[in-house]
Amino acid sequence: MASLRRFCFKYAQCIGIAVLLTFFGQILIALNFFPTITDNLLKQNGHVSFKTQEVGGISARKNSFGYDDEDLASNSKLAGKHGTHLRLEELDFNPACDINNREAISAVHRAKSQLCKQQIVNKTCLIQQGHFYPEALQNKCFNEEASYGQYLGCYVDEKKLRLLSGFYGVYVNTNSPKTCLDICVQAGFPFAGVQYGTECFCGEDAPPASSKVPNSSCDMKCPGDSTKICGGYFTMNVFETGLVKFVPRTPDSIINSKESVKIVFLLTLNGRALRQVHRLINVLYRSNHYFYIHVDKRQDYLHRKLSTLEKTIPNIKLATKRFATIWGGASLLKMLLTAMKEFIALGWNWDFVINLSESDFPIKSLESLENFLSVNKGLNFVKSHGREVQRFIKKQGLDKTFIECDTHMWRVGERKLPTGIIIDGGSDWIALSPDFVSYVVGKHDELLAGLDIIFQHTLLPAESFFHTVLRNSRFCKTYVDNNLHVTNWKRKLGCKCQYKHVVDWCGCSPNDFRTEDWPRIQNTQDRQLFFARKFEPIVNQEIINRVEKYIGFKDHHILPNIESYWQSIYNADDLTASTDDVILTHAMSILRHNAKILGVENCIVYSGEILEINSYSHEDTYKGNLILYKAVLQNDVSITMETWYKPKQHLEFKLKSKYLNSIKSFKVSSDYDQKETLFRNMANILGPLSDPVLLYQFAPNTDLKTDNLSVLWLDPAGMIADLNNIHIEENNLTNFLKPNLRPPLLPGTWKVGLFDGDGLLALTRFLITPLEYFSGKEISHQEVNIIHSGSQNSYKNFSHLKSVHIMPDQTDSALLQKIAHSNVKRITDDLREWIDTLSIDFYNVLGSCLSSSNISNDYMKCGNQKFDYCESTEWSSLTPDPKGNIGKINPVTGRLDRV
C-alpha cells in the first residue's frame, strides 16, 4: 500500500507539472494566435468585454463576439492539428477554390464522408466568392411616417442620461451613419445616433427638441467614411431608421368565450417514451382538434407503434416525410416547415398550430387554452430572447455559418447578416396562425427566399426563423411575446456543453421537472402559460401525476398502476441497432438463468425469441427490466412469458473506512446524463463496445473535499487500464469520470478503486458482457478473436504499480491474463457458459408470469411452479395501464376515455 501511496502522490505531482507545462504552452500559442483575432475584433468593435449570459439553448462565458473560452482553445488546437491548408490527399474530388478559413478546413478534415466534405468545400467556396448570402433584404414592417436614414439633427448628450439608451457599441475603424443605422435596424430600434467618431447608439424614443444644437457642434469625422460626420464630444448626429417602435401585441383574456377554436397539435417526437406520448394525446385529445405527428426518422419503434393511431382515429395523422434531426440542426426547421406544408395540404380547418415534443405537458386544462386562443385568432405567439440583439446574435452564433451533414452541425466561419431586416429569436416552441403559416410555407417572396438561405446554415434556426419573419413581414403587428410555455431552466446543470458531439458550439438544454419543482408550476396559475417542459416519467412521474390532478383530472383513484411506468429498450420488430447485440446477449443469459431456477421446481422451459425488453419503475424508483419472450413448456405447449430481473444491490460497495459515510455513490454504467445526473443505462448492461462512465457522489461537509483522490481501473486480466486523479470541492460533490479506454474492452469483471494517501476507500465492480451475437447473428470465431481480445496494448504503462497489492482478494495477475487469453477463444456453448457465469454474479431473477393470450388455466402450473397471468401481475408490462394507452373516443364528450 505504501508503494501505491508513493505512486499516487508521484503521479499527482507529474500531472501537476504537466498541467503547468500545458498552461505555459497554451500561453505561447495564445501569444501567436490571439493578436490576430483580437486585432481584427478591435478594428471592428473597439473593445472586448467578457460576461456570462444565457439565451435560449446557448450558454457559455463568451466575449462580446460570441466565442467562449473553450471555442478559442478549440480553434487553436484544430489549427495546430489540421493545419491551415486542406489535405487534398484525403479528398476524392477537386475543391472549387483554395479555402483560406481555418474553421472550414477543420470541418472538412473532421467530417467523415466524402459527400459531407464536398458539401462543406462547395459552400465555403461560394461564401468566399461573395455569391452565397444576400447582402440586404427588405423589411415590410417599416413606419410609413419615417424613412431609413432621415437626418434629425445634432443633439447634445449627457453621460448619466443618454439620448438613445437602447444599445451602445464602439466601432474603431468602421463606424459611420450607415454602419450605425444598419446595426440599429438589425436590433429593431427606430433611431440611430453616432457620437465621438467611433460610437454608435440606438434608441426607441426620439431625442427631445430641447437637446438640439447647431450641426457645427457635431464635428468629428467617421472612421468608416471620412466624408461623413459622426457626432462630437457628447454631441450626437441622430437619424431615423424607418422602423416604428416595437410593442408586442397584448392578447385578450376573456373568460368563458363562446367562440370555438380548432388547434393542430404538431408533435415532433424522438426516443422510446411511447406511453408518455399516449398520455399526452389522451390529455389533449378532442374530436374538434387535430394531431400531426412527426417521428424522427431513426425512431423505428415509436413510428411503428404510433402509425396504428391514424388507422383508427381520423384526426390523427403521421408525417409522410421524416427527418433525422439533431440538437441545434438546420434539419429541425426543415422538419417543422415540411410538416406544416403537409398538414395544410390535408385541408384541415384550423385556427392555431402548436408544436410540442414528447417531453411537453399541459399545465392548464385544455378548455382554458381553447378559451384563451378563441379570442386571439390571427395572432402569433413566440417568445423573444428579451436581451440586447447584438449580444443575442453572438450568443446564438447567428453571425457564423453552420453546415449540417454527417449528423453534425459544422461551423465553417464568420458571416455578415443582411442589412435592412430585424433579427429576433428566443424559443422554438410556438403557436402560429393559419395565415402566417401559409405565408412561410407558400411561394417565397424576396424576404423568405433570403431568410431561407440564411437559416439553412444557422445553428438552432427554429429559435429565430419564425420570430425574424414575423418582425419583417406584414404580420409584424400579430407578434405576441409569449410562447405559452414555461421551461425548467437550471443553467448550472443544463449548460455542460453536452452537445459538442453534434454541434461545433456550446449548448444548453432545460432540465426535467421533478417533484421539488412543483412550486414553479403553481406560480404559473395566473399567467397566460398553458404548457411546461421538460417531463420524463422515467426520471420523475410523480410530477406528471400531480399536474394531471392540477388541471382537473379526477380519475387517478380508479386507474390501475398510476405509480408505475414502463419504457421499451428493445423490440424484436425494430430495425437492428448496434446496441442490440449486447442487450440480446445479456437478456438470453438472464433467461437461461431463469430456466435453471424453474428447473429446480421441475418446470422445464425452453426460451425462444425475445419479443420486447422494458425498463420498469414504480414510485419513481427503478425496479429492474422485464423480458417478454416466446417459450415452450416441457409438455410442448407454446407460451408467451415475461421475466423480471434487476441488478444486484452489491454491485456497488464501499470498504469500511473513516470516510464510509462520505461516499454516497461510486458506480459505473454508460449513457450518463450530465443534466439529470443519472445513468440512462439503468440496468448497467455493458459490452466490449460500450463507453463506461464512473459516477461518484460525496456527502456535503465531507472530509474528502480537500483531498486529491485517485481512481484506478483494473481490467479482468488484472492489468491497470487507467489511473485518474479527482479533486473534491464543496460545489462539485457529484461528478462523473470517463476513463481513457479504447474499444473493444476486455470482457469480464472490471474493478474500479478509489484511493487516497492511506489506501483504498471504495471499490465497485462492473461487468463487460462478452457478445453472443454480433450484428444480430450468432458471433463467429473470427469476430470473437477481434471483439473479445480487448485493447490492452493501448493502455499506458503502469507496470511499476503492481495490481496484486492494490485490490483485495486479487488473483495473481499472470493467472488472470492466462484465463483472459483462453476466454477469447470461447464460442457457441462454451461462450454461453462463460456469459452465464459472469451475469449470475451481477443480476437477480425476481419472477416470471405467463400471458393469458394463448393459454388456459390448464397450463398455469408447470411442475411445482404455479404462474400468475401477466395481465394481473402488477409489475408486468402486460398489466393494464390506462394512462399510458390510447383510450376509445367518447362520442358524447369527444375525449378519449382512459377507463
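Using the working numbering, read the sequence shown as starting at 128 and increasing by one per residue.
Beta carbons are placed, not taken as given, at the ideal position from N, Cα and C, and that holds for glycine.
Computed from a prediction, not measured in an experiment: that's the story for all the values here.
Between N599 and K372 the beta-carbon gap is near 16 Å, outside 8 Å, which marks them as no contact.
Counting only runs of 3+ residues, the beta strand (DSSP E) found wholly inside the segment 463-511 occupies 479-483, 487-489, 507-509, in chain order. Boundaries of the alpha helix (DSSP H) around V568: 561-568. Beta-bridge pairing by DSSP links T861 to Q824. Assignment of alpha helix (DSSP H) within the segment 874-957, counting only whole runs of 4 or more residues, yields 908-914, 940-950 in chain order.
The three-state reading of DSSP puts K372 in coil, since its state is none of H, G, I, E or B. Between A589 and L463 a beta carbon distance of about 6 Å is seen, short of the 8 Å cut, so the two are scored as contacting. Restricting attention to beta strand (DSSP E) runs no shorter than 3 residues, the segment 245-287 encloses them at 278-283, ordered along the chain. Judged by DSSP secondary structure, F793 falls outside any alpha helix (DSSP H) and instead within the beta strand (DSSP E) spanning 790-796. In its chain, beyond the 5 residues on either side, T651, L656, A659 have a beta carbon closer than 6 Å to the beta carbon of V613. If you draw a 10 Å sphere on the C-beta of C349, you find 16 or more other C-beta atoms in it, and that means buried. If you look at G1021, you'll find it isn't in any beta strand (DSSP E); DSSP assigns it neither H nor E. According to DSSP, residue pairing for S691 in a beta bridge involves H745. The C-beta distance from T251 to N221 rounds to 14 Å, too long to fall under 8 Å, and the pair is not in contact. Separation of the CB atoms of Y786 and L888 is rounded to 5 Å, and the pair is thereby assigned contact status at 8 Å. In the three-state scheme derived from DSSP, where H, G and I count as helix and E and B as strand, F450 is classed as coil. In the DSSP assignment, Q313 falls within the unbroken alpha helix (DSSP H) covering 304-314.
Comparing alpha carbon positions, the residue from G917, F901, S918 closest to E910 is F901.
Taking the C-beta atoms as reference points, D963 is found no nearer than 8 Å to E803. The three-state reading of DSSP puts S292 in coil, since its state is none of H, G, I, E or B. In the structure shown, I550 falls within a coil segment according to DSSP collapsed to helix, strand and coil. If you look at I420, you'll find it in the beta strand (DSSP E) that goes 417-422. Per DSSP, L973 is one residue of the beta strand (DSSP E) stretching across 970-977.
Per DSSP, R538 is one residue of the beta strand (DSSP E) stretching across 535-541. Note on geometry: alpha-carbon atoms of G875 and Q944 lie some 12 Å from one another.
H713 and M467 have their C-alpha atoms roughly 43 Å apart. Beta bridge pairing from DSSP links T614 with R660. Q313 and T585 have their alpha carbons spaced roughly 17 Å apart.
With a cutoff of 8 Å on beta-carbon distance, L411 and V422 are scored as not near each other. Annotation: the continuous beta strand (DSSP E) that includes I443 extends over 443-445.
Residue pairing of L753 in beta bridges, as defined by DSSP: N741, W771. Counting only unbroken stretches of 3 or more residues, the beta strand (DSSP E) elements lying wholly within the segment 319-367 are 326-330, 352-356, 362-367, in sequence order. Residue environment for S636: buried (at least 16 other C-beta atoms within 10 angstroms of its C-beta). Inclusion of I914 and P815 in the CB contact set at 8 Å is warranted, their separation being smaller than that value. Taking a contact to require three or more Cβ pairs closer than 8 Å, the segment 713-722 and the segment 959-977 qualify as touching. Considered as a whole, the segment 633-683 harbours 645-649, 669-677 as its complete alpha helix (DSSP H) runs of no fewer than 4 residues, in chain order.
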